[in-house]
Each structure stands twice: as C-alpha cells, then as structure tokens.
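What follows is one structure encoded as structure tokens, with my remarks underneath.
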Amino acid sequence: MVAASQVLYYLVRPTQLRSIIQWKVWHEPVHKRDPSKETATEKACFHYLNLTSRSFSAVIQELNPELLMPICLFYLVLRGLDTIEDDMTIDIATKEPLLRNFSQYMEQDGWTFDKNGPNEKDRELLVHFDDVIAELKRIKKPYYDVIKDITIQMGNGMADYALNAEQNINGVNTVEEYELYCHYVAGLVGEGLTRLFVESNLANPQLLVRMDLTESMGQFLQKTNIIRDVHEDYLDKRRFWPKDIWSKHVDTWDDLFKPENLDKALNCSSEMVLNALKHADECLFYMAGIRDQSVFNFVAIPQSMAISTLELVFRNPAIFSSHIKITKGDACSLMTESTQNLRVVCDVFRRYTRRIAKKNDPRDPNFLAISAQCGKIEQFIESIFPTQDPKKIAAGKAQQNPDAQMDTGEAFLLIMAVLLVLGAMGALMVGIAWFFGARFDGAVRQLDTIVSATASAIGSKLGHEEL
Amino acid sequence: MASEKKPSLGSVMVIGGCGFLGHHVVRLLFRDYSCSAVSVVDLRCTRNRRPESDGVAYYEADITDGAKLVDIFSKARPDVVIHTASPPAQSNDAVSHALFKKVNVDGTAAIVDACRKTGVKALVYTSSASVMSDNKSDLINADERWPVIRGADQSEYYSETKAAAEELVLAANRSPESPTLLTCAIRPSGIMGEGDTMVLYHMINIYRQGRNNVQVGNNENLFDFTYVENVAHGHLLAARALLLTAASSTIPLDHERVDGEAFLITNDQPVYFWDFCRAVWAAAGSPQGTESVRVLPRGLGIVLGYLSEVFFGIIGKPPTFNRQRIIFSCMTRYYDITKAKKRLGYKPLVSLEEGVRRSVKWTLDQEKEKN
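Chains as they are written, first to last, in the working numbering: chain A, 87 to 553; chain B, 261 to 631.
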C-alpha cells in the first residue's frame with residue numbers, strides 16, 4: 087500500500103523518486119544466490135538473515151559465492167551473541183557464561199536457545215540456531231576458524247562490558263573507553279571480515295599488515311550510529327557519548343537535551359562528528375585494497391551511508407529530540423554510486439565533506455579543526471586521484487582558468503558588448519511601447535522629483551561632513 | 261629536560277634574526293638546540309632582541325654590503341647560516357621592485373659569497389611556496405616536482421626574486437668554488453604568527469571595518485597557512501640535516517638527500533580559505549555565524565574588480581580592490597609536504613587552531629599597547 091502522503095512526497099521531490107527507480111531498475115547484482123541449489127538449512131539461514139538485518143541482508147546475498155555462506159553465517163553468529171547481550175530479561179549470572187562460551191555452543195549439533203524474553207526482536211534466530219550450526223560445519227576450515235576466533239573475542243568483550251556495572255550506570259567516560267567499545271561492537275567484526283576477504287584472495291594481503299585501516303572502517307560506522315541514535319539511547323537510558331567530550335559543553339548528560347542548551351549541544355555534537363571524521367580517509371584507503379567487485383560493494387555501501395549520515399546529523403538540532411535517517415531516495419542514489427568503483431566513492435566522500443564544511447559554524451570551538459579535517463579528507467582523495475600532473479604543468483599544458491586568463495581588452499569588450507545589447511533591447515522596447523501609444527511624460531516628471539530629492543539629500547550629507 | 265639531550269648545531273648565524281620569522285628561529289635555537297654561539301645579522305637590531313643573558317651577538321648590516329658581511333662572518337665564524345631576511349612582499353611598484361631585486365637577489369648572492377669565503381658548512385635559505393604559483397592557476401596538493409614559475413609567467417616580481425635567490429643558493433651546493441658548503445631552501449606557505457604585521461593584521465582590519473560579511477567564490481578552495489614556529493622548526497631540522505650530511509663521508513642517496521634540495525613547509529592542515537578568515541575573525545571577537553554572509557560569485561567579482569581597476573586607473577590611484585584579490589581569495593593553493601616529512605623528519609609542532617589563537621591574541625595585545 088502506498089500512502090497518499092508518500093505519493094505527494096515524491097511528486098514534489100522527483101529526484102528522490104528517480105534515485106529509487108534507478109536503483110530498483112538498473113542495479114544488476116554481480117552475483118545472485120541460486121535458491122534451487124540450496125539445502126534446506128541454507129535456505130533457513132537466509133531466512134533468518136532477512137529477518138534480522140535490514141541493511142546488510144541484500145548486500146550479503148550479492149556476495150561472491152566463495153564468501154556468500156561464510157559471511158552470512160558470520161553475521162548470524164554475531165547477531166546471536168548480540169541478542170543475548172541486548173536482552174535485559176536475562177540476569178547477569180546467566181548471561182556472562184553464555185557470552186563467554188558462545189563459541190563452544192556454536193559447535194554443538196542441535197544447540198538452541200529459547201530463554202530470550204518474548205519481546206526480544208531476534209529471538210527466533212536463537213530458537214532455530216541448530217540450522218546455523220549445521221551450515222557452520224560445512225564451510226571451509228580457514229573461514230570457520232576466523233568466525234570462531236572473532237566470536238571468542240567478542241563474547242568476552244561483551245561479557246566484560248555487561249559486568250562493568252559502573253559503565254552501565256554512568257556510561258562511557260574517556261575517549262579511549264568510547265573507542266574500545268566501538269572496537270568490540272564494530273572493529274572486531276571488521277577484523278573478521280578483512281581476514282575472510284584476504285583468505286579468499288578477494289583483497290590485498292597488505293590489509294592484514296595495516297589492521298588500523300580495518301579498525302577505522304568499524305569505528306567510522308559505529309561512531310556515526312552512536313551520534314545519530316543519541317536521542318533513542320537517551321530514552322533507553324543508555325549513553326555512549328564519552329563524558330570527556332560532553333562535559334566540555336554541558337554539566338550533566340540531561341542538560342544536552344534541554345532546548346535552552348541547544349547551542350552547547352550542537353557544539354558538542356560537532357565535536358563528536360569531528361572525532362568520527364578522523365577515520366574517513368583511512369576508510370577510503372582500506373577500500374583501495376579490495377579486489378572483488380561484490381566485496382567492494384559490500385564494504386562501500388555502509389561507508390557511503392555513514393558519511394552522508396554524518397552530514398545529516400552535523401549541526402542538526404533534530405538529533406536531540408528525534409530519530410533521523412537519510413531519505414530513501416538518498417540511500418538509493420548512494421547505493422548506486424557505491425557499487426561502481428573507488429573513484430565514484432571518493433566523489434561521494436568529497437561531496438559530503440564539502441557539505442559538512444558549509445554547515446560548519448565559526449562560533450563552534452572546533453570550527454577550524456573541523457575545516458582542517460575536511461581538508462585532510464580532500465587532500466587524501468587528491469593523493470590517490472590527483473587532479474594535476476606536474477609534468478603537464480611543466481610542459482605548459484596546465485589547464486588554466488579561462489576567467490583568470492582573460493586579458494583587460496577582452497574583458498572590456500565583453501562588458502561593452504553586454505551593455506550595448508542591454509541598451510539596444512531597452513530602447514527597442516521603449517520604442518515599441520511608444521509606437522503603440524504609451525505616454526512617458528508622467529514617468530519623466532516623477533523621475534525628475536526623485537533625482538532632485540536625492541541630489542538635495544546627498545548635498546545635505548556632504549554639507550554635514552564639511553562641518 | 262637535560263640540555264645534553266638537545267641536538268647541537270655549533271655556531272649559528274641567523275640573518276634577519278630580528279625580523280618576523282628570524283626571531284622565532286633564534287627563539288627555537290635556545291629552546292630546542294644547543295649552540296656553541298648564536299649571532300644575528302639584521303638591518304636594525306633594536307626590536308625582537310633576546311635578553312642580554314643569552315649572549316647573542318647582534319650585528320647591524322645591510323646584506324647587500326658584501327665586504328661588511330665578510331667582515332662580520334670572519335668575526336662570528338658560523339658553522340650554520342640561516343638566511344631569513346627579505347623585505348615585506350606587500351607593495352608592487354617600481355621602488356619596491358628595485359628593493360626586492362637588491363635584497364633578495366643581490367643580498368643572497370653576497371651571503372653565498374661570504375659563506376664561501378669563511379668556510380661555512382651549511383646554508384639554509386627561506387624561499388617561498390609562492391615560487392610555484394603563477395598567481396592565477398590552482399595548485400592542488402602540489403609538491404616539489406611542480407615547476408618553479410619564472411620570467412613572463414611569474415606575475416609577482418617578489419616571487420620572481422625569491423625564486424632567483426633560491427636558484428643561487430641551491431646552485432652553490434657542493435659547487436666547485438666551495439665543495440664543502442651544503443645548502444637547501446625552505447618554501448613556507450602563508451606564514452602567520454606573533455610578530456606578523458601582514459596577513460592577520462589585514463584580516464582583522466576587514467572585520468573591524470565590517471567587511472567580513474562578503475564571501476567571494478564558493479569557499480571550496482583549500483589553502484595552506486602555516487604557524488611561524490613550525491616554519492622556524494623546519495629551518496632548524498634542515499640545518500641539522502645539512503650538518504649531519506657534512507659530517508658523513510658519503511654523499512646521501514637521491515631519495516634521502518637534503519643538500520641542494522628545496523622543501524615545502526606548511527602546517528599540513530589545508531583549510532577552506534574563508535574558513536581561515538572566519539576563524540581569525542572569531543578569535544578577534546566576532547560573534548557572527550555564516551547566516552548573514554553574502555556570496556559574491558567569482559565571475560561577478562572579477563568583473564567588479566576589473567571595473568574598480570578601470571575606475572582607479574582613470575582617477576590615477578592604485579586600486580584598493582582588484583581582480584588579483586578576487587582571484588587570490590578563490591584560488592586553491594595547498595601543498596603535499598611528504599618530502600619534508602620523510603627527509604627532514606618534519607612534523608608541525610603547533611596545530612593551526614593553536615597557531616591562530618596565539619597569533620590573533622598577539623595582534624590584539626599589540627593594538628592595546630599602542631592605544
């Protein structure tokens with residue numbers, strides 16, 4: 087059912103509708119699942135994937151067949167962990183060993199879990215987890231080892247976090263704690279994915295040497311979500327913004343949401359955006375290491391969404407009172423652009439970087455730092471796709487700006503020509519009007535009075551100045 | 261910090277050591293290095309002096325007076341010479357052109373000559389990043405491979421003389437006349453800081469006159485401004501590298517060498533041109549955001565600038581507003597300083613934000629003292 091309001095919305099925003107149609111009609115997946123050749127448990131896994139993920143299910147299902155199942159299973163295992171961690175109806179004594187030993191349960195044939203609260207949105211996945219376990223046994227050993235290793239690390243990280251009562255009450259204090267949290271929920275996932283990409287030879291093995299690039303990929307996504315979701319988390323009494331940052335702007339966490347503190351809150355949010363933006367150039371660098379189109383699409387789409395979300399939340403008062411998202415049309419055009427190549431994704435990053443720079447406010451204490459960070463992203467893009475070639479400039483083939491090159495005589499002629507044409511047109515129109523009987527005496531008389539009034543005003547002003 | 265840990269530079273002479281950049285070089289010499297002696301040569305040695313206790317030897321001299329220079333060099337016996345002296349790049353008439361030529365080119369030639377005659381080991385020359393600019397084309401992430409713009413293509417005579425002097429200095433490196441003299445050039449971009457009476461002074465004036473609500477162009481042009489202490493730091497790293505090269509028995513590999521080379525030095529933080537102005541205005545007390553800013557498109561600006569030039573041409577005065585100003589404020593001009601990072605180990609000591617804060621504070625304090 088399409089609501090009338092939606093029809094109206096797209097009628098006044100045709101470009102949005104165009105982007106959606108463009109994506110739906112013209113997007114050709116690099117690879118497609120073939121359900122006719124899938125086993126019943128494989129089909130079940132994709133069913134739970136569609137059930138539990140909105141943003142990732144489509145891109146996962148277009149992955150290179152080599153990694154299709156491993157990454158689908160990786161996602162489901164982590165989602166399973168997350169479902170236990172998120173559930174506040176499970177007490178900590180039960181939760182902790184479940185999280186720490188999850189990597190063992192995922193090896194036991196037929197293991198399922200039905201102790202989730204009835205309202206836990208992804209409880210179905212754990213109720214039928216035996217399907218996931220069955221498929222895990224069928225993937226290649228190296229892929230399985232990666233999944234298991236990350237599951238161990240993440241299970242322990244989540245257990246530590248759940249035990250850390252102080253953090254649950256007061257939230258994150260330092261920027262280091264904030265980044266450690268992002269590491270556990272996103273950086274680790276990135277680590278597992280990079281190892282899978284390299285293992286399957288779909289990415290440059292150098293990415294394993296520069297794991298900081300992988301870390302940036304996860305941090306960039308997670309930090310963006312944390313900034314965007316601040317109001318939702320506030321209602322849920324959870325706080326991820328580090329005290330180190332917000333305490334510079336307001337005295338208490340609640341103050342951030344009071345309308346009278348809006349200016350301070352915006353400055354605080356822009357410091358959070360600045361902190362997230364420092365990962366942007368490394369994300370682009372990471373994507374340069376991907377060798378397979380389907381993997382590129384898989385990693386690039388969330389990154390493009392993140393930079394555009396950062397632009398949306400930057401200095402946007404709405405984040406403190408509502409949950410905002412990029413529009414469906416923008417999401418579709420971003421997906422189209424993120425499924426081409428690195429150059430197009432760099433253009434996306436530059437476009438949104440410049441938009442962020444244009445919203446930057448000189449009264450913000452981090453104004454210049456944000457400008458410099460935007461500059462850094464632009465400079466990085468220039469370093470991989472240079473606009474200028476020193477050899478060509480040296481050879482005198484520099485592309486010079488025609489405006490700047492125009493010499494005095496040329497400019498003068500151009501201006502005279504414009505004035506002449508304007509004058510001739512004006513005279514022609516007045517002439518035609520006169521020919522058809524228009525009278526100008528009234529207008530002339532009026533003009534006279536205006537001119538003499540102005541002249542006397544100027545005269546009196548000059549007179550005062552002379553005094 | 262124990263002073264033994266500071267790197268040694270031997271006997272150091274700073275030419276123009278009472279000037280804007282020069283006195284920061286002297287300051288860093290005392291803060292970050294250990295020197296057996298520090299001497300300063302300047303036209304006037306009354307301002308920006310170190311306290312007597314530092315024992316700096318000040319010599320007043322015109323650097324175009326070759327004989328006097330040789331005399332001073334023989335007394336001070338420097339191992340390292342840092343040549344920062346240059347007239348302000350502001351005016352653009354026949355008188356200042358003659359001055360640029362005399363000080364920048366002839367003065368530098370005299371310094372090279374004095375270095376040769378007195379056995380100086382290392383000469384570091386302050387060039388300018390503007391030698392790579394034709395003052396109308398963009399420089400986008402440019403590095404030292406970009407050509408130096410000379411002759412008819414170089415519309416700013418100041419830059420022409422800086423480039424000529426740089427060429428003189430670099431040609432003197434390991435030259436047959438003085439095989440032991442090592443030289444290099446530092447090309448800073450948009451220096452600002454305490455002691456600067458040009459860049460920030462003018463920007464703050466624009467704010468005082470209420471002209472800060474117009475933006476020419478779309479403000480997508482990145483520009484490199486550099487805090488003076490970072491520029492001074494770059495000079496001293498270069499001096500240190502030249503001394504190390506002089507002490508080693510082999511000539512360094514091409515991709516490592518410092519002698520005979522030019523190095524771009526910036527804050528490594530290009531920012532949008534008007535953002536920099538606004539940051540300065542905000543630091544000077546402007547309470548304004550960007551809501552009231554009117555954007556003058558570049559093309560229209562050029563037409564207005566032209567009309568202004570014609571008008572002032574008719575009344576026979578130099579125009580206060582011209583096309584070059586419009587082009588300058590819309591130009592992209594930022595650099596890639598990888599070479600300085602790799603070969604000199606350069607990294608800015610002070611961030612651009614802190615640099616602007618300190619520099620604007622200094623400019624405002626100066627004003628208060630005057631009033």
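Where a beta carbon is used, it is the ideal one built from N, C-alpha and C, also for glycine. Computed from a predicted model, the values in this text were never measured in an experiment.
Chain A within 8 Å of residue i, Cβ atoms only
{"i": "B:V620", "result": "no"}
{"i": "B:G549", "result": "yes"}
{"i": "B:T623", "result": "no"}
{"i": "B:T289", "result": "Checking the displayed sequence, the identity of residue 289 of chain B turns out to be Leu instead of Thr. It does not; no Cβ of chain A falls within 8 Å."}
{"i": "B:D535", "result": "yes"}
{"i": "B:Y566", "result": "yes"}
{"i": "B:E613", "result": "yes"}
{"i": "B:S271", "result": "no"}
{"i": "B:A262", "result": "Because the pLDDT at B:A262 is just 46, under 50, the model does not fix this residue reliably, and the value given afterwards should be weighed accordingly. No, its Cβ sits nowhere closer than 8 Å to a Cβ of chain A."}
8 Å Cβ cutoff met for residue i and residue j
{"i": "B:T324", "j": "B:D292", "result": "no"}
{"i": "A:G273", "j": "A:G304", "result": "yes"}
{"i": "B:F483", "j": "B:V531", "result": "yes"}
{"i": "B:H343", "j": "B:T368", "result": "yes"}
{"i": "B:N401", "j": "A:E368", "result": "no"}
{"i": "A:F132", "j": "A:R140", "result": "no"}
{"i": "A:I393", "j": "A:V399", "result": "no"}
{"i": "A:S390", "j": "A:L420", "result": "yes"}
{"i": "B:G453", "j": "B:Y487", "result": "yes"}
{"i": "B:V330", "j": "B:A374", "result": "yes"}
{"i": "B:T592", "j": "B:D398", "result": "yes"}
{"i": "A:L454", "j": "B:D535", "result": "yes"}
{"i": "B:I597", "j": "B:V540", "result": "no"}
{"i": "A:T138", "j": "A:A220", "result": "no"}
{"i": "A:V431", "j": "A:A386", "result": "yes"}
{"i": "A:R281", "j": "A:N242", "result": "no"}
{"i": "B:E420", "j": "B:N395", "result": "no"}
Contacts that residue i makes with chain B (C-beta to C-beta distance below 8 Å)
{"i": "A:P476", "result": "A402, D403, R405, W406 and P407"}
{"i": "A:G461", "result": "L482, Q529, P530, V531, Y532 and Y594"}
Contacts of residue i in chain A (Cβ-Cβ under 8 Å)
{"i": "B:A542", "result": "P448, R449 and F453"}
{"i": "B:L524", "result": "By Cβ distance, chain A contributes nothing, its closest Cβ being about 13 Å from B:L524, past 8 Å."}
Neighbour list for residue i in chain B, Cβ cutoff strictly below 9 Å
{"i": "A:G523", "result": "None at all; the shortest Cβ gap to chain B is about 38 Å."}
{"i": "A:A480", "result": "R405, W406 and P407"}
Contacts that residue i makes with chain A (C-beta to C-beta distance below 9 Å)
{"i": "B:V616", "result": "L454"}
{"i": "B:A539", "result": "P448, F453, L454 and S457"}
{"i": "B:V650", "result": "Given a span of 261 to 631 for chain B in the structure shown, any question on residue 650 of chain B remains unanswerable."}
Any chain B beta carbon closer than 8 Å to residue i
{"i": "A:Q465", "result": "yes"}
{"i": "A:R440", "result": "yes"}
{"i": "A:E368", "result": "no"}
{"i": "A:S469", "result": "yes"}
{"i": "A:P472", "result": "yes"}
{"i": "A:A374", "result": "no"}
{"i": "A:A144", "result": "no"}
{"i": "A:A519", "result": "no"}
{"i": "A:A443", "result": "yes"}
Inter-stretch contact at 8 Å, needing at least 3 Cβ pairs: the stretch 509-524 of chain B / the stretch 420-440 of chain A: no
Alpha helix (DSSP H) segments (min. 4 residues) lying fully within the stretch 439-496 of chain B: 459-468
Every unbroken alpha helix (DSSP H) inside the stretch 305-362 of chain A [4 residues or more]: 316-321 and 329-332
Sufficient close CB pairs (3 or more, under 8 Å) joining the stretch 553-564 of chain B to the stretch 443-459 of chain B: no
Every unbroken alpha helix (DSSP H) within the stretch 581-627 of chain B, with a cutoff of 4 residues, ordered by chain: 583-590
Given 8 Å, three or more beta-carbon pairs between the stretch 569-579 of chain B and the stretch 486-496 of chain B: no
Touching by the beta-carbon criterion (3+ pairs, under 8 Å), the stretch 109-123 of chain A and the stretch 195-212 of chain A: no
Contiguous alpha helix (DSSP H) assignments of at least 4 residues, all confined to the stretch 388-450 of chain A: 414-424 and 428-445
Ranges of the alpha helix (DSSP H) found wholly within the stretch 129-184 of chain A, counting only runs of at least 4: 143-147 and 151-172
The stretch 147-160 of chain A touching the stretch 173-186 of chain A, judged by at least three CB pairs closer than 8 Å: no
Three-pair Cβ contact test at 8 Å for the stretch 218-237 of chain A versus the stretch 155-167 of chain A: yes
Inter-stretch contact at 8 Å, needing at least 3 Cβ pairs: the stretch 423-436 of chain B / the stretch 384-399 of chain B: yes
Every unbroken alpha helix (DSSP H) inside the stretch 274-354 of chain B [4 residues or more]: 280-292 and 326-336
Complete alpha helix (DSSP H) runs within the stretch 558-583 of chain B (minimum length 4 residues, chain order): 558-575
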